[in-house]
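K.L.:
Quick one: the structure is below, questions incoming.
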Amino acid sequence: MITLDFEKRGNKTLTDLLYTSIKNQIRDGVLKENEKLPSKRSLSQHLGISVITVQNAYLQLIDEGYIYSIEKKGFFVSDIARHLKKETAEDARSHKADHRESESTAAPLTYFADFTSNAAVPGKFPFGLWSKTMRQVLSSENEKLLKRTDVFGTLELRRAICRHLKAFRNMDVSESQVIIGAGTESLYSMLVQFLGRDEIFAVENPGYHKAAEIFRLNGVRCEPVNIDEHGIIIEELQKAAANIVHVSPSHHFPSGVIMNFKRRTELLEWARKAPDRFIIEDDYDSEFRFIGKPLPTLQSIDHNGRVIYINTFSKTLSPSFRISYMILPQELAAEFSRKLGFYSCQVSSFEQLTLARFIEAGHYEKHINRMKNYYRSLRNILITGIENSALSKAFSIREENSGLHFLLTLNNGFNARLIQEKWRKEGINIQLLSDYYYDKKTLPSTESFVINYSGIKKDSVNTIIQKMSQALN
527 MITLDFEKRG
537 NKTLTDLLYT
547 SIKNQIRDGV
557 LKENEKLPSK
567 RSLSQHLGIS
577 VITVQNAYLQ
587 LIDEGYIYSI
597 EKKGFFVSDI
607 ARHLKKETAE
617 DARSHKADHR
627 ESESTAAPLT
637 YFADFTSNAA
647 VPGKFPFGLW
657 SKTMRQVLSS
667 ENEKLLKRTD
677 VFGTLELRRA
687 ICRHLKAFRN
697 MDVSESQVII
707 GAGTESLYSM
717 LVQFLGRDEI
727 FAVENPGYHK
737 AAEIFRLNGV
747 RCEPVNIDEH
757 GIIIEELQKA
767 AANIVHVSPS
777 HHFPSGVIMN
787 FKRRTELLEW
797 ARKAPDRFII
807 EDDYDSEFRF
817 IGKPLPTLQS
827 IDHNGRVIYI
837 NTFSKTLSPS
847 FRISYMILPQ
857 ELAAEFSRKL
867 GFYSCQVSSF
877 EQLTLARFIE
887 AGHYEKHINR
897 MKNYYRSLRN
907 ILITGIENSA
917 LSKAFSIREE
927 NSGLHFLLTL
937 NNGFNARLIQ
947 EKWRKEGINI
957 QLLSDYYYDK
967 KTLPSTESFV
977 INYSGIKKDS
987 VNTIIQKMSQ
997 ALN
């Protein structure tokens with residue numbers, strides 16, 4: 527059974543302590559590949575901690591690939607331990623001498639290039655402007671910083687978000703519709719509480735596993751619905767008997783599909799036909815479209831109050847920046863206040879007021895434009911490098927000039943898993959598209975690799991492509 531050393535907790539939260547403990551036991555081989563982990567409830571009772579603490583630790587481990595879940599069966603250790611870089615005895619002695627760390631401290635899982643991570647590129651965050659804005663808030667908003675913030679969040683940030691959405695996505699929303707959350711995970715959990723655990727949630731197949739895991743961990747039944755080159759297939763959605771559907775129409779992860787306008791109108795028509803049907807629109811990657819304007823959001827063309835819009839600042843600022851928001855239809859916002867108004871907002875007033883001022887001063891818009899130019903350049907360097915290398919003989923590139931990932935589709939005659947293993951041995955971690963399918967019966971005939979390049983440095987691209995090419999030999 528998994529144990530915790532509370533004496534070594536330090537400043538860590540219980541979630542971080544449990545996450546680190548399980549991760550280290552996987553790395554050290556104590557927990558074996560495909561071994562079943564305790565259920566959330568049994569582990570929480572054994573350790574004397576809350577179920578939500580176990581849930582959050584498991585979600586983090588799933589997100590990083592250490593464990594996986596099977597519906598109605600539980601949680602299991604993945605095969606990630608086989609890909610860890612082992613530390614030699616000499617390395618360990620050097621590590622201990624240099625850092626004076628405990629012998630039980632495990633080395634982090636590291637890759638030369640990790641295309642599965644949503645990490646931000648170092649050196650691009652506007653620390654100077656952010657710290658200046660923080661000081662301004664401390665000097666001018668000191669009384670507001672001490673007041674309790676209701677479940678919707680500070681009025682200042684909600685107003686700033688409304689203006690931002692009008693300017694960037696042509697969305698007409700009021701601050702009364704905006705709810706601030708500590709990451710999309712917390713918003714998804716609140717939605718389950720609000721909409722009801724007895725509802726069936728449809729998710730895209732393939733799709734963003736974390737959203738589905740959160741729904742399931744909150745007791746919701748999830749039904750995978752296939753997508754095609756235009757987005758979620760409406761005929762299959764109708765067969766799923768779901769009333770709630772989660773989609774990412776702007777740039778689907780992981781396929782990269784952009785839902786066309788016809789399919790968007792069909793999806794809205796599906797929702798309109800029943801009073802308890804709703805669409806959760808995750809506007810993932812919408813800020814990073816490199817050619818032309820993005821298609822309108824489902825929320826902006828919804829005239830029946832059927833769309834719940836969700837977005838985050840984690841992608842544009844930093845993954846550690848845990849501020850997200852959702853836009854509810856007016857009628858739902860009033861009902862949300864009645865049902866869940868007793869909650870407090872999970873994001874500190876200090877962070878909210880700082881971000882609000884950062885947006886209103888125009889700093890956020892300028893930052894997005896800088897990052898857009900950087901990622902456009904990085905994407906072009908990557909694609910050009912692949913096209914001019916030996917990789918072009920084995921792969922074709924599938925991308926939509928949008929978002930921070932694209933696909934490398936493997937030509938016939940190559941073994942995808944073998945290539946993946948070779949790349950990992952070279953220090954390059956890339957996920958297969960098939961890993962994101964819930965229903966393995968619907969796998970595509972050709973395999974693809976998901977190139978999520980948000981955390982890759984420009985000056986490492988040539989080395990990365992060289993290593994990837996050599997592994998094909």
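Heads up: the sequence shown begins at 527 in this note's numbering, then just goes up one per residue.
Cβ coordinates follow ideal geometry from the N, Cα and C atoms, glycine included.
The alpha helix (DSSP H) spanning Gly679 covers which residue range?
P.N.:
Element bounds for Gly679: n/a, residue is neither H nor E.
K.L.:
Name, in chain order, the residues that DSSP records as bridge partners for Glu749.
P.N.:
Ala728
K.L.:
Excluding the 5 residues flanking Asn999 on each side, which residues of the same chain have their C-beta closer than 6 Å to its C-beta?
P.N.:
none
K.L.:
Would you mind working out which of Ile990, Asn988, Arg896 and Leu933 sits nearest Phe975, comparing C-alpha positions?
P.N.:
When each option's Cα is compared against that of Phe975, the closest is Leu933.
K.L.:
Is the CB-CB distance between Glu739 and Ala766 below 8 Å?
P.N.:
With respect to Ala766, Glu739 sits apart: the two C-beta atoms are not nearer than 8 Å.
K.L.:
At which residues does the alpha helix (DSSP H) containing Asn830 begin and terminate?
P.N.:
Asn830 -> no alpha helix (DSSP H), and no H or E assigned at all.
K.L.:
Could you tell me the distance, in whole angstroms, from the CA atom of Pro780 to the CA atom of Leu930?
P.N.:
10 Å
K.L.:
His756 by DSSP, collapsed to three states: which one?
P.N.:
coil
K.L.:
Provide the residue(s) that pair with Leu998 in DSSP beta bridges, ordered along the chain.
P.N.:
In the DSSP output, where bridge partners are listed per residue, Leu998 has none listed.
K.L.:
Report buried or exposed for Asp754, applying the criterion of at least 16 other Cβ atoms within 10 angstroms of its Cβ.
P.N.:
Around the beta-carbon of Asp754, fewer than 16 other beta-carbon atoms lie within 10 Å, marking it exposed.
K.L.:
Label Asp828 either buried or exposed according to how many other C-beta atoms from any shown protein chain fall within 10 Å of its C-beta, with 16 as the threshold for buried.
P.N.:
Buried, since its Cβ has 16 or more Cβ neighbours within 10 Å.
K.L.:
Label Asp802 either buried or exposed according to how many other C-beta atoms from any shown protein chain fall within 10 Å of its C-beta, with 16 as the threshold for buried.
P.N.:
exposed
K.L.:
Between Phe876 and the rest of its own chain, which residues show a CB-CB distance below 6 Å, the 5 nearest in sequence each way excluded?
P.N.:
Answer for Phe876: Leu671, listed in chain order.
K.L.:
Look at the alpha carbon of Glu613 and the alpha carbon of Ile982, and state the distance between them as a whole number of angstroms.
P.N.:
Only weak support exists for where Glu613 lies, its pLDDT of 37 falling under 50; the value from the coordinates is given anyway. Each residue's Cα considered, the two are about 24 Å apart.
K.L.:
With a cut-off of 8 Å on the beta carbons, I'd call Ile758 and Glu795 a contact; round off their distance for me.
P.N.:
Rounded to whole angstroms, the Cβ separation of Ile758 and Glu795 is 13 Å, and the two are not in contact under 8 Å.
K.L.:
Where do the ends of the alpha helix (DSSP H) carrying Ile548 lie?
P.N.:
Leu540 to Arg553
K.L.:
For Ile687, I'd like the list of residues in its chain whose CB is within less than 6 Å of its CB, leaving aside the five on either flank, ordered along the chain.
P.N.:
Val704 and Tyr851
K.L.:
Report back the beta-carbon spacing between Leu683 and Ile834 to the nearest angstrom; my notes put them in contact at under 8 Å.
P.N.:
That belief does not hold up - the Cβ atoms of Leu683 and Ile834 are roughly 19 Å apart, past 8 Å.
K.L.:
On the criterion of 16 or more Cβ atoms from any shown chain inside 10 Å, does Lys566 qualify as buried, or is it exposed?
P.N.:
buried
K.L.:
Return the CA-CA distance between Lys538 and Val783, expressed in angstroms with no decimal places.
P.N.:
Answer to the nearest angstrom: the Cα atoms are 39 Å apart.
K.L.:
On the premise that Ser702 lies in contact with Tyr513, defined as a C-beta separation below 8 Å, what is that separation, rounded to the nearest angstrom?
P.N.:
Residue 513 lies beyond the range of the chain shown here (527 to 999); nothing can be said about it.
K.L.:
Have a look at Ser700 and Ile836 and give me their C-alpha separation to the nearest angstrom.
P.N.:
15 Å
K.L.:
Grouping DSSP H, G and I as helix and E and B as strand, with all else coil, what is Lys570?
P.N.:
According to the sequence as given, residue 570 is Ser; it is not Lys. Three-state DSSP puts Ser570 in a helix.
K.L.:
If you draw a straight line from the C-alpha of Ser874 to the C-alpha of Arg848, how long is it?
P.N.:
So the alpha carbons of these two residues sit roughly 10 Å apart.
K.L.:
Tell me which residues share the same chain as Glu947 and place their Cβ nearer than 6 Å to its Cβ, disregarding the 5 neighbours each side in the sequence.
P.N.:
none
K.L.:
Within 10 angstroms of the Cβ of Tyr900, are there 16 or more other Cβ atoms? Answer buried if so, exposed if not.
P.N.:
exposed
K.L.:
Measuring alpha carbon to alpha carbon, tell me which of Lys549, Ser776, Asn668 and Ser922 ends up nearest His756.
P.N.:
The shortest Cα separation from His756 among Lys549, Ser776, Asn668 and Ser922 belongs to Ser776.
K.L.:
Decide if Gln996 is buried, meaning its Cβ has at least 16 other Cβ atoms within 10 Å, or exposed.
P.N.:
exposed
K.L.:
So, for Thr710: in the same chain, excluding its five sequence neighbours on each side, which residues have a beta-carbon less than 7 Å away from its beta-carbon?
P.N.:
Taken in chain order, the residues that qualify are Ile836, Thr838 and Ser850.
K.L.:
Run the CB neighbour count on Leu824, radius 10 Å, all protein chains shown included, and call it buried at 16 or more, exposed below.
P.N.:
buried
K.L.:
Just the C-alpha distance for Ala623 and Asn550, rounded to the nearest angstrom, thanks.
P.N.:
Low confidence applies here, because Ala623 scores a pLDDT of 39, under 50, leaving its location unreliable; read the following figure in that light. For the pair Ala623 and Asn550, the Cα-to-Cα distance works out to about 21 Å.
K.L.:
Please determine if the segment 982-993 and the segment 855-865 are in contact, where contact requires at least 3 C-beta pairs separated by less than 8 Å.
P.N.:
Result no; under three Cβ-Cβ pairs closer than 8 Å.
K.L.:
For Leu1080, collect the residues of the same chain with a Cβ closer than 8 Å to its Cβ; drop the 5 residues on either side in sequence, then sort them by chain order.
P.N.:
Residue 1080 is absent from the structure shown; the chain starts at 527 and stops at 999.
K.L.:
Quick check: Leu908 and Tyr810, are their CB atoms within less than 8 Å of each other?
P.N.:
no
K.L.:
Closer than 8 Å by C-beta to Ser547: which residues in its own chain qualify, once you throw out the five before and the five after it? Chain order, please.
P.N.:
Closer than 8 Å at Cβ, skipping near neighbours: Ile528, Thr529, Leu530 and Asp531.
K.L.:
Grab the span of the beta strand (DSSP E) containing Ser850 for me, first residue to last.
P.N.:
Ser850 to Ile853
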